[in-house]
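One structure below.
Number of protein chains: 2
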Amino acid sequence: MAKIQIKPKRPIYPTPAALITSVDETGNPNIITLGEVFNISIINPVIIGIAIRKATYSHSLISKTREFVVNMPTVDIIDKVMVCGEVSGRRVDKFEKTGLTPLPAVRVSPPLIAECSINLECKVLGIQEIGDHDLFLGEVLVQHVEEEILDKNRKINFRKLNGFAFNLGEFWTFGERILT
Amino acid sequence: MAKIQIKPKRPIYPTPAALITSVDETGNPNIITLGEVFNISIINPVIIGIAIRKATYSHSLISKTREFVVNMPTVDIIDKVMVCGEVSGRRVDKFEKTGLTPLPAVRVSPPLIAECSINLECKVLGIQEIGDHDLFLGEVLVQHVEEEILDKNRKINFRKLNGFAFNLGEFWTFGERILT
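Quick note, the sequences are listed as chains A and B, same order. Quick note: the first sequence uses our numbering, first residue 1169, plus one each step. Quick note: the second sequence uses our numbering, first residue 1169, plus one each step.
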């Protein structure tokens, strides 16, 4: 099979479509949709990365408060995921606009999103400029999951998550588990 | 729906299962399977991250040569993806063991894997310790794609890629495109 060269742009797939919550100095919450969310340190400690453009309101908020929550959405709320990626929190209250429900977190100020099946409370360990995005390193302090997605052994049942992927600019559901 | 707290471990999904190629000082190639591969800088420049444990042979090779290639596999070779994640290149020639085919790259020394539909030649910009993994930042110098996965407008046709995701420890195919 012949290979040809193309101009790269956001070439890695799949990535999550995660909703990141943050707050301003008076506690007003904001939401941004990001594909650039990833595991870096796996077990001890658990550190994730998120990459955000400097121009965004969330960049400004998380830089100041040094806290954020990662909320993993389901297919049911994909329209709200789109909205949170298209409008700026500088002008719009995205909780009000989408109808998503904020829940208090345990260790940080930004809220959990109730409709998301997994929520990760994170404390910023460092911020660095990498090309056209800034990398925020976040230690995961607390992980919340909906009880109904857990199996009897308290392991997450991936099928029950009803999640989706962001693949080279397109949203895709998952199909079948392979290599079981 | 009630939320409960669980102990986090590699909590973000989906991630890719990508094959990373590297070479030793005499040009002998190695392969490692990683889930921790991600976009950071999207357009200008295109910078990706990979997170590797210090103990691995690939960590040692890429630290010395400061070059690697990201190869995106298809479902057809998932058994080989597993092998490359289970054995060490210190003891085993993984190209020989798996039968995967090395192809010369254009700008770097590590080979492309012919059976992978997308290959990204990368130059290391920096290496930093982050918890239990080290983060390698790589600028994407060249992207190769199989001609047959491109549409007429030279856009990648995601369905033709036949890719898969690594989700909380499980391999999953993709289902349907949503929000088209």
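All C-beta atoms in this analysis are idealised placements derived from N, C-alpha and C, irrespective of residue type, glycine included. From a predicted model like this one, the values you see are computed outputs, not experimental measurements.
In the structure shown, SER1277 of chain A adopts coil according to DSSP, grouped into three states. Cα atoms of VAL1249 of chain A and ALA1333 of chain B: separation of roughly 20 Å, rounded to the nearest angstrom. Residues of chain A with a Cβ closer than 9 Å to the Cβ of LEU1288 of chain B are, in chain order, PRO1176, PRO1179, ILE1180. GLY1343 of chain B belongs to the set of residues whose beta carbon lies under 8 Å from a beta carbon in chain A.
PRO1272 of chain A counts as exposed, since fewer than 16 other beta carbons sit within 10 angstroms of its beta carbon. When the Cα atoms are used, VAL1237 of chain A and TYR1181 of chain B turn out to be separated by approximately 15 Å.
When secondary structure is reduced to three states using DSSP, ARG1234 of chain B falls in the coil class, being assigned neither helix nor strand. The beta-carbon of ALA1170 of chain A is placed less than 8 Å from the nearest beta-carbon of chain B.
Here DSSP, grouped into helix, strand and coil, assigns SER1256 of chain A to coil. Taking a C-beta distance under 8 Å as the contact criterion, MET1240 of chain A and SER1209 of chain A do not qualify as a contact pair. Of all residues in the region 1181-1201 of chain B, the ones placed with a Cβ closer than 9 Å to any Cβ belonging to chain A are TYR1181, PRO1182, THR1183, PRO1184, ALA1186, in chain order. When secondary structure is reduced to three states using DSSP, LEU1347 of chain B falls in the coil class, being assigned neither helix nor strand. Per DSSP, the unbroken alpha helix (DSSP H) holding LEU1329 of chain A starts and ends at 1326-1329.
Per DSSP, reduced to three states, the secondary structure at THR1266 of chain B is helical. At a Cβ-Cβ threshold of 8 Å, PRO1179 of chain A and GLY1203 of chain A do not count as neighbours. Counting only Cβ-Cβ distances below 8 Å, HIS1301 of chain B has contacts in chain A at ILE1208, SER1209, ILE1210, in chain order. The Cβ atoms of GLY1257 of chain B and SER1226 of chain B sit closer than 8 Å to each other. For SER1277 of chain B, the CB contacts under 7 Å within the same chain, skipping 5 residues up- and downstream, are VAL1191, GLY1195, THR1233, GLU1235 in chain order.
In this structure, the straight-line span from the alpha carbon of LEU1336 of chain B to that of PHE1326 of chain A is close to 8 Å. Comparing C-alpha distances from LYS1291 of chain B to each of B:ARG1345, B:ILE1188, B:LYS1171 shows the shortest one belongs to B:ILE1188. When only Cα atoms are considered, ILE1199 of chain B and ASN1287 of chain B end up about 13 Å apart.
Listed in chain order, the non-local C-beta contacts of THR1266 of chain B below 7 Å within the same chain comprise LYS1248, VAL1251, CYS1252, local neighbours out to five positions each way being set aside.
Rounded to the nearest angstrom, the Cβ distance from GLU1314 of chain B to LYS1171 of chain A is 6 Å, consistent with a contact under 8 Å.
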